[in-house]
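Each remark here refers to the structure printed beneath this line.
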Amino acid sequence: MALLAAATLNPTTHLSLRSRAGRNSENLWLRSAASSQKSKGRFCNLTIRAGTPSKPAEPIGPVFTKLKPWQIPKRDWFDKDFLFGASTSAYQIEGAWNEDGKGPSTWDHFCHTYPERISDRTNGDVAANSYHLYEEDVKALKDMGMKVYRFSIAWSRILPDGTGKVNQAGIDYYNKLINSLIDNDIVPYVTIWHWDTPQALEDKYGGFLNRQIVDDYKQFAEVCFKNFGDRVKNWFTFNEPHTYCCFSYGEGIHAPGRCSPGMDCAVPKGDSLREPYTAGHHILLAHAEAVELFKACYNKHIDISSDFTPKLNTDDAYASSETKGSDGNDIGPITGTYWIYMYPKGLTDLLLIMKEKYGNPPIFITENGIADVDSDPTMTDPLDDWKRLDYLQRHISAVKDAIDQGADVRGHFTWGLIDNFEWSLGYSSRFGLVYIDKKDGNKRKLKKSAKWFAKFNSVPKRLLKTTNNNATVTVTSVSV
Numbered sequence: 000m001a002l003l004a005a006a007t008l009n010p011t012t013h014l015s016l017r018s019r020a021g022r023n024s025e026n027l028w029l030r031s032a033a034s035s036q037k038s039k040g041r042f043c044n045l046t047i048r049a050g051t052p053s054k055p056a057e058p059i060g061p062v063f064t065k066l067k068p069w070q071i072p073k074r075d076w077f078d079k080d081f082l083f084g085a086s087t088s089a090y091q092i093e094g095a096w097n098e099d100g101k102g103p104s105t106w107d108h109f110c111h112t113y114p115e116r117i118s119d120r121t122n123g124d125v126a127a128n129s130y131h132l133y134e135e136d137v138k139a140l141k142d143m144g145m146k147v148y149r150f151s152i153a154w155s156r157i158l159p160d161g162t163g164k165v166n167q168a169g170i171d172y173y174n175k176l177i178n179s180l181i182d183n184d185i186v187p188y189v190t191i192w193h194w195d196t197p198q199a200l201e202d203k204y205g206g207f208l209n210r211q212i213v214d215d216y217k218q219f220a221e222v223c224f225k226n227f228g229d230r231v232k233n234w235f236t237f238n239e240p241h242t243y244c245c246f247s248y249g250e251g252i253h254a255p256g257r258c259s260p261g262m263d264c265a266v267p268k269g270d271s272l273r274e275p276y277t278a279g280h281h282i283l284l285a286h287a288e289a290v291e292l293f294k295a296c297y298n299k300h301i302d303i304s305s306d307f308t309p310k311l312n313t314d315d316a317y318a319s320s321e322t323k324g325s326d327g328n329d330i331g332p333i334t335g336t337y338w339i340y341m342y343p344k345g346l347t348d349l350l351l352i353m354k355e356k357y358g359n360p361p362i363f364i365t366e367n368g369i370a371d372v373d374s375d376p377t378m379t380d381p382l383d384d385w386k387r388l389d390y391l392q393r394h395i396s397a398v399k400d401a402i403d404q405g406a407d408v409r410g411h412f413t414w415g416l417i418d419n420f421e422w423s424l425g426y427s428s429r430f431g432l433v434y435i436d437k438k439d440g441n442k443r444k445l446k447k448s449a450k451w452f453a454k455f456n457s458v459p460k461r462l463l464k465t466t467n468n469n470a471t472v473t474v475t476s477v478s479v
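Heads up, the sequence shown is in numbering that gives the first Met the number 0, so the first residue is 0 and it goes up one at a time.
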């Protein structure tokens, strides 16, 4: 099963773990909010890259049937404090892999050493060049009317050797990005670690297979809190630790690419039965250290609810890759990438399961999207991403259906903001709302879905409804 966790909250601090429907996925999250905020209970993040129900699905009709005008979601369906935004991660978009003092990450090493393990033999050396073009990313967010942006910090850009001396150029880059977001009324949501461990720590002691990683991660988190905590109030400690452990140490399809001897991976010298648990254990310990550090820095209190104790099962990582109905058939039409199927009702069902089974925690959907793929014969214009637009409209409507039935959903982040390096799939799968034209200097071009969001988010805030402050999050008022 996918990992789930949440926290018992006081009025000022939230901790949660997100879970993807489809491939296992989760994300530990720290959130600092204003003392005036009165939210109670537990807080949960959700990542959806495939709408998959927990029960047999009824037919959903022809593939990608056109929505009726009244079925297309409107911004005024949602409370004015409901957050719409987009997400990315450092290695997937930044590029500048060895510039301005940055050290290599495990993904740099993996792509350079084992290029055959990437479907198109590419890498993130340049990616979308966001290190140099971050202002264009911020402009795209603003043009779409997005109010929140989730991105990650490259550990080896801040600490090239994983520990020790801080690289000021890396600090300067993230300061410029954060300040640009705030100047444009976009709230930063920061992931401390999104799979790109410094290669120096992998070489030194085996990265997350060694207990030393806990102390080194704590130092990295402390540097982040110290340098960015005056402006960043929303922190994720780890991105998708279950997926990382299974793909990096079980199947070996992601960096560092370890698996058991006899299996097909880059480094068949590991132990696919034990190493995912070892890495997962150290991630949980490192998360706990970051929580304690956060409490010490900001005098906040965080507890993990026993109702959401994380469970790790490497068998589930494989089993969940192909979700079937009771008749053995795939649920919903495939969207392009092999693990994502269209089934919006599955999202509604999942949100209502969270409501009924887990005490209706406040939920943010921190990733939701589909990819354009080179092999799709219907994709004749890279800017005409009609499948993505259809997918997002249906799933945003599904969120509204869940809210109408009492689910406490507070935000939706589309994955991703821009086309990026999609790990082992390289650039053959493009998840962005914004097209990256690699033949024209990585120029940003809004796709059809991005232009729809611009129109969707253009409704004046004064026309949107407001709910009781006890049940909403107003990110414009958060402070430490």
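In this text, a Cβ means the ideal position worked out from N, Cα and C, and glycines have one as well.
- Linking N174 to F227 through their CA atoms gives a straight-line distance of about 7 Å.
- By the neighbour-count criterion, in which 16 or more other beta carbons inside 10 Å mark a residue as buried, A139 falls on the buried side.
- Along the length of the segment 354 to 381, whole beta strand (DSSP E) runs at least 3 residues long occupy 362 to 367, reported in chain order.
- Y342 sits in coil when the DSSP states are folded into three classes, being neither helix nor strand.
- H111 is classed as exposed because its beta carbon has fewer than 16 other beta carbons within 10 Å across all chains shown.
- Look at L388 here: in three-state DSSP terms it is helix.
- T162 and Y204 have their C-alpha atoms some 13 Å from each other.
- Secondary structure note for R443: its beta strand (DSSP E) is the uninterrupted segment 442 to 445.
- Q167 counts as exposed, since fewer than 16 other beta carbons sit within 10 angstroms of its beta carbon.
- Within its own chain, the residues whose Cβ lies closer than 7 Å to the Cβ of L200, once the five positions on either side in sequence are excluded, are G161, G206, I212, D215, listed in chain order.
- In the three-state scheme derived from DSSP, where H, G and I count as helix and E and B as strand, R409 is classed as strand.
- Between I185 and G84, the alpha-carbon positions lie close to 9 Å from each other.
- With a contact defined as Cβ atoms closer than 8 Å, S151 and H193 qualify at about 4 Å.
- Annotated as proximal: L292 and A220, with beta-carbon spacing under 8 Å.
- Annotation note: the segment 224 to 273 contains the following uninterrupted beta strand (DSSP E) runs of length 3 or greater, listed N- to C-terminal: 233 to 238.
- Note on P240: 16 or more other CB atoms within 10 angstroms of its CB, so buried under the neighbour-count rule.
- Rounded to the nearest whole angstrom, the C-alpha separation of P255 and D107 is 10 Å.
- DSSP places V433 outside any alpha helix (DSSP H); the residue lies instead in the beta strand (DSSP E), whose first and last residues are 433 to 436.
- For G102, the secondary structure class from DSSP, reduced to helix, strand or coil, is coil.
- In chain order, F246, S423 place their CB closer than 6 Å to the CB of I252, counting only its own chain and leaving out the 5 sequence neighbours on each side.
- Note that the C-beta distance between A127 and D195 is not below 8 Å.
- Of the residues assessed, K354 falls on the buried side of the cut-off, its CB having 16 or more other CB atoms within 10 angstroms.
- Annotation for P260: P267 place their beta carbon closer than 6 Å to its own, counting only its chain and skipping 5 residues before and after.
- Of the candidates S179, L346, R120, the residue whose Cα lies closest to the Cα of E366 is L346.
- The residue among F452, A397, H131 with its C-alpha nearest the C-alpha of D348 is A397.
- Per DSSP, reduced to three states, the secondary structure at I191 is strand.
- Q392 and I71 have their alpha carbons spaced roughly 6 Å apart.
- By the CB criterion at 8 Å, C244 and P275 fall inside the cutoff.
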